[in-house]
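Here's the structure, in structure tokens; my notes come after.
Numbering (this note's numbering), first residue to last: 1079 to 1323.
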């Protein structure tokens, strides 16, 4: 991947919208594939002309809402929205991004986790942290069958874990420091690829499922600062790779 070329056909249009064209990456044909927008409060409509744009990095913006133009960038495979002040939920039209595989959001996002997230079925990574997010997992989360990494931490997320118990491809689950409640679903014992499970500092109750001996890939487990009761199942002792508990 090469840096931005002066011959790119969108140079003049993007410069007219006050974009720093040095923050673009291109493929060998000169098409823009990655763009870094730091401290831009407006994402210009001209970005829609970048038909091969795959990675949008938007950070440290003071915009008050998530720009709807993002949902029109059909070739996106990755979105980073980091340390932005945008409030409100993601636009429901974001589900139109059928190629999106990685979504990273840190700070700013509020409201509930939209059902549209569950319709982005190619997602393999969903990361949301330090947002005043509320509500529970939408039922459509069960459709994210390609999801390998799920992190929603330091939010106000509530409700049970049941909507994610069928996501058998999960390798990392980080759901620490939320307000999740209910019991740990027995379906978690089917996560045979899981290597990190962090559920600490929530409102979980009940006992740890007894079939966790099947989680032979598990290396990190954190369940502290919940209201779990009873004793750990005997099978958990067979997980010799577990580093923390």
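Just so you know, even glycine gets a beta-carbon here, dropped at the ideal spot from N, CA and C.
Because the structure is a prediction, the values reported are computed rather than measured.
Short Cβ contact (8 Å threshold) for residue i with residue j
| i | j | result |
| --- | --- | --- |
| residue 1185 | residue 1161 | yes |
| residue 1281 | residue 1257 | yes |
| residue 1248 | residue 1226 | yes |
| residue 1181 | residue 1201 | yes |
| residue 1245 | residue 1214 | no |
| residue 1131 | residue 1111 | yes |
| residue 1178 | residue 1204 | no |
| residue 1243 | residue 1260 | no |
| residue 1325 | residue 1216 | The requested residue 1325 does not occur in the structure, where the chain is confined to residues 1079 to 1323. |
| residue 1159 | residue 1183 | yes |
Continuous beta strand (DSSP E) stretch holding residue i: start and end
| i | result |
| --- | --- |
| residue 1260 | 1257-1260 |
| residue 1110 | 1110-1116 |
| residue 1246 | Where residue 1246 is concerned, there is no enclosing beta strand (DSSP E), given that its DSSP letter is neither H nor E. |
| residue 1158 | 1156-1160 |
| residue 1264 | Residue 1264 -> no beta strand (DSSP E), and no H or E assigned at all. |
| residue 1103 | 1102-1104 |
| residue 1300 | 1298-1300 |
| residue 1227 | 1227-1231 |
| residue 1283 | 1281-1284 |
| residue 1206 | 1203-1207 |
| residue 1137 | 1133-1137 |
| residue 1184 | 1180-1184 |
| residue 1274 | 1274-1276 |
Exposure label - residue i; buried when at least 16 CB within 10 Å
| i | result |
| --- | --- |
| residue 1129 | exposed |
| residue 1278 | buried |
| residue 1228 | buried |
| residue 1171 | exposed |
| residue 1254 | buried |
| residue 1207 | buried |
| residue 1118 | buried |
| residue 1233 | buried |
| residue 1267 | buried |
Contact set for residue i: own chain, Cβ-Cβ below 6 Å, skip 5 residues either direction
| i | result |
| --- | --- |
| residue 1097 | For residue 1097, the predicted model reports a pLDDT of 49, less than 50, meaning its position is unreliable; a value from the coordinates is still stated below. Hits under 6 Å: none found. |
| residue 1028 | One cannot answer for residue 1028 here, as it falls past the ends of the chain, which runs 1079 to 1323. |
| residue 1120 | none |
| residue 1135 | 1114 and 1158 |
| residue 1101 | 1114 |
Beta-carbon proximity list for residue i, same chain, < 7 Å, skipping 5 on both sides
| i | result |
| --- | --- |
| residue 1150 | 1126 |
| residue 1310 | 1286 |
| residue 1173 | 1194, 1197 and 1198 |
| residue 1116 | 1137 and 1138 |
| residue 1095 | Note on residue 1095: pLDDT 40, under 50, position unreliable in the model; the coordinate value appears next. Cβ within range, chain order: 1122 and 1124. |
Chain C contact for residue i (CB, 8 Å cutoff)
| i | result |
| --- | --- |
| residue 1201 | This model lacks chain C altogether; it includes just one protein chain. |
Residues near residue i by beta carbon distance below 8 Å, same chain, minus five either side
| i | result |
| --- | --- |
| residue 1304 | 1277, 1278, 1279, 1280, 1281, 1282 and 1283 |
| residue 1270 | 1246, 1292, 1293, 1294 and 1295 |
| residue 1237 | 1213, 1214, 1215, 1258, 1259 and 1260 |
Touching by the beta-carbon criterion (3+ pairs, under 8 Å), the region 1167-1174 and the region 1123-1142: no
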